[in-house]
Amino acid sequence: MKLTLALAAASQLLATSIAASIRINIPPSTLLPNPNALPASTHATLTSNSGPELKAILRKGNYLEFTSVPTVGSHLLNIYTRDYAIAPYRIDVALSPTDPSATEITGAFETYRGTQWSDHGVALTPGGKPTQSLVINAKVLSRKNFYETRAGFSVLSLLKNPMILMGVVALAFTFGMPKLMENMDPEMRAEYEEMQKKSPMGGIGRAMQGGGGGGSEGFDLAGFLAGNQASGTTGASKSGGSGDIRERKK
C-alpha cells in the first residue's frame, strides 16, 4: 500500500516537473509604486480552447505562478486586480520535441484587446526560444477610476455658455446703440431714422408702444400680422365691385 502511494506521488511529481510553468512577477512601477498594497483578491487566469481554465492566486512576494500547464495551444493570460488594469498576454504551449509527454512554452507575447490574435508585441521568451519555465514581469497599464471628480466653479466655463454669450451681446447692443447714434453723422442719422419709419418692423414697434406719427397713424397691426398689407386697396376694389353690380341691376 505504501509502495503504491509512493509510486503515485512520484508519478504526479514527475508529471508536474515535465509540464511547463509560468511565473508572473508584479514589480514596482510608476503607476504601482508599492505592489504590497494589492488586495488578496488579485489573481490570474490562463484560458485556452483545449482545456479547462487555470487559475493562480497572488502569493507572498507579489507574484502569481502556474506550476503546471499541461494543455497545448494558444492561451490567454489575464491578471485581475481591483484597482489596476494589467496588460494581457498570449502564451503558446506545445509538446516538447524531445519528450512527447512534456510541454514547453514556444511563445509569450503581450497582446492587445480588440485586435486580432496575430497582432502582438515582442517575444518575452528568453532569446525567443522555447522554454519550460517562463518568468514574466507584469505591465501595469493604468489605475482604475470608479468615481468622477466633481468639477469646480470656473468663470471661463460660465462665459462659454451660449445663453450667457447671447445676453452679453444683447446688453452690448442695448447700451451701445444709443452711443453709436450720438456719434453718427447727422445726415446718416436722418437717413437711418427715415428707413426705420418706412420699415414694417418700425411701424410695429411704434404701434405697440402707442406712439403717434405720420407713418404709424394709418398702420393696421392686425392686418399686417394677418398678411393683408393692402387693406385699403382691397376695400376699394370691393366697393367698386358692388357699384358694378348695382349698375347691372338697373
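If you use mature numbering (1 follows the signal peptide of the UniProt record, and there is no 0), the sequence shown corresponds to residues -19 to -1, 1 to 231, in order.
Each residue gets a CB set at the ideal place from its N, CA and C atoms; glycine is no exception.
message = Going by the DSSP bridge assignment, what does residue 73 pair with across the sheet?
response = 55 and 88
request  = Can you tell me which of 146, 49 and 69 puts its alpha carbon nearest to the alpha carbon of residue 93?
outcome  = 69
ask   = In three-state DSSP terms, what is residue 15?
value = coil
ask   = Quick check: the segment 1 to 9 against the segment 110 to 122, are there 3 or more CB pairs under 8 Å?
value = yes
request  = Below 7 Å CB to CB, which residues in the same chain sit around residue 37 once its five sequence neighbours on both sides are set aside?
outcome  = 24, 25, 45, 46 and 47
request  = Report yes if the C-beta distance between residue 73 and residue 55 is below 9 Å; otherwise report no.
outcome  = yes
request  = Consult DSSP for residue 39 and reduce its assignment to one of helix, strand or coil.
outcome  = coil
ask   = Should residue -1 go down as buried or exposed, given a rule of 16 or more other Cβ atoms within 10 Å for buried?
value = buried
key: Cα-Cα separation between residue 131 and residue 67, rounded to whole angstroms   = 27 Å
Counterpart residues of residue 121 in DSSP-defined beta bridges = 67
task = Go through its chain and collect everything with a Cβ distance to residue 39's Cβ below 7 Å, but skip five positions before and after it.
result = 19, 21, 23, 24 and 45
query = Per DSSP, residue 27 is paired with what?
reply = 35 and 58
ask   = When DSSP builds the beta bridges, which residues end up paired with residue 6?
value = 44 and 118
message = Nearest by alpha-carbon distance to residue 10: which of 105, 85 and 123 is it?
response = 123
For residue 1, three-class secondary structure by DSSP = strand
ask   = Which value, in whole angstroms, describes the spacing of the CA atoms of residue 43 and residue 80?
value = 33 Å
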